[in-house]
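Right, here's the structure in full:
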């Protein structure tokens, strides 16, 4: 009898111990995974809330709180130009950054940065990315660095300036805050560029350090207060491209449960189309409002001048094409699409 009682006690102890262990494992599995994400956007940028904040909220909701994205804005953890390296090294799991910031490490990002006067409309660029396969090319190029890539959206990069621009000649002598290959292009056509972080651009415009700025497009410029100083908006895009990109550390991604990975992949695809479409709506909706509020003069580049601007860009396009076989393919795809629409027939 005593042996039976002792055996029963042992069984009960083992049972309760196993129950505790199982309970602890279950709790550990339910514990939320937290990722840090830094964007290059300051919190005042018009892209921050519909981009980073929306994605963070949706990820939390669609994973039932199992994956939490902690957001940091421009410069809070690392300088914006170091986001690529920080995500690659695993210092942070996610980053949102322009492709020109890592073009020195990923040559194809030169194409993604937006070759000057590459497309005339957003739908052309969306077709280039999604149906001609450029996004897949970028994804493959970033995978070599241990990163998963996704395009935030595609839209036209617009300029705001103190004096109106309608032609190639109007760029001459103009100092504009731009980044990437557009800076080289301005120098080639007689203008000049000045790079500075987004948060310093307003004071540079006010003090006359620059005569204009590129911060996304009209909605981005308005969110930064640029229309208080610059009363001219060049509606024609200086390029159309995916001006912001999402980067995820692949090792961190691989550690996620498979269902959460699939949620992320589907969400990035959904977000691309949602964000691109909503952005186009916002441009059309807010243009008359901004014209009335700020007294904006809106200018367009006519077809004959656009042809001149494209022709002036071709030497730079060729320089980018020469960087790698992937770049050559990307540039050829852009030329092919333009030719199919009646442009660049001489190339």
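In my numbering, the protein residues as written are 6 to 352. Glycine included, each C-beta is placed from N, C-alpha and C at the ideal position.
* Asked: Less than 8 Å separating the beta-carbons of residue 260 and residue 151?
  -> no
* Could you name the residues of the same chain whose beta carbon sits closer than 7 Å to that of residue 210, not counting the 5 residues immediately before and after it, in chain order? => 218, 231, 234 and 235
* Go ahead and pull the three-state DSSP assignment for residue 31. => Low per-residue confidence applies at residue 31: pLDDT is 34, beneath 50, and the placement is therefore not dependable, though the value from the model is reported in the following sentence. Of the three classes helix, strand and coil, the one that applies to residue 31 here is helix, per DSSP.
* How many angstroms separate the CA atom of residue 126 from the CA atom of residue 315? -> Answer to the nearest angstrom: the Cα atoms are 14 Å apart.
* Apart from the five residues on each side of it in sequence, which residues of its chain come closer than 8 Å, Cβ to Cβ, to residue 245? -> Counting only Cβ-Cβ distances below 8 Å, and skipping sequence neighbours, we find 119, 123, 124, 125, 126, 127, 129, 130, 159, 160, 161 and 162.
* **Proximity of residue 46 and residue 68 at Cβ, strictly below 8 Å** => Not a contact, by the Cβ cut-off of 8 Å.
* To do: Just confirm the distance between the C-beta atoms of residue 40 and residue 99, as a whole number of angstroms; I'd bet it's less than 8 Å.
  => 6 Å
* Given 8 Å as the limit, is there contact between the stretch 164-181 and the stretch 197-207, that is, 3 or more CB pairs closer than that? -> yes
* Assign residue 235 to one of three DSSP states: helix, strand, or coil. => For residue 235, the secondary structure class from DSSP, reduced to helix, strand or coil, is coil.
* Asked: Skipping 5 residues on each side, what residues in its chain have a beta carbon closer than 7 Å to that of residue 109?
  -> none
* **Cβ contact (3+ pairs, closer than 8 Å) linking the stretch 42-59 and the stretch 88-98** => yes
* Among all the DSSP beta bridges, which residues are the ones paired with residue 164? -> 239
* alpha helix (DSSP H) runs wholly inside the stretch 36-81, at least 4 long, in chain order -> 59-67
* **Nearest residue (CA-CA) to residue 184, options 144, 171, 340 and 201** => Comparing Cα-Cα distances from residue 184 to each of 144, 171, 340 and 201, the minimum goes to 201.
* Examine the Cβ distances between the stretch 46-66 and the stretch 276-286 and report whether three or more of them are shorter than 8 Å. => yes
* Distance, Cα to Cα, residue 357 vs residue 324? -> Residue 357 is absent from the model: the chain starts at 6 and stops at 352.
* Name the DSSP beta bridge partners of residue 153, please? -> 253
* Taking the alpha carbon of residue 107 as the point to measure from, which residue in 36, 136, 286 and 186 has its own alpha carbon closest? -> The residue with the shortest Cα to Cα distance from residue 107 is 186.
* The alpha helix (DSSP H) enclosing residue 94, as first and last residue numbers -> 88-94
* Beta-bridge partners of residue 100, as assigned by DSSP -> 43 and 252
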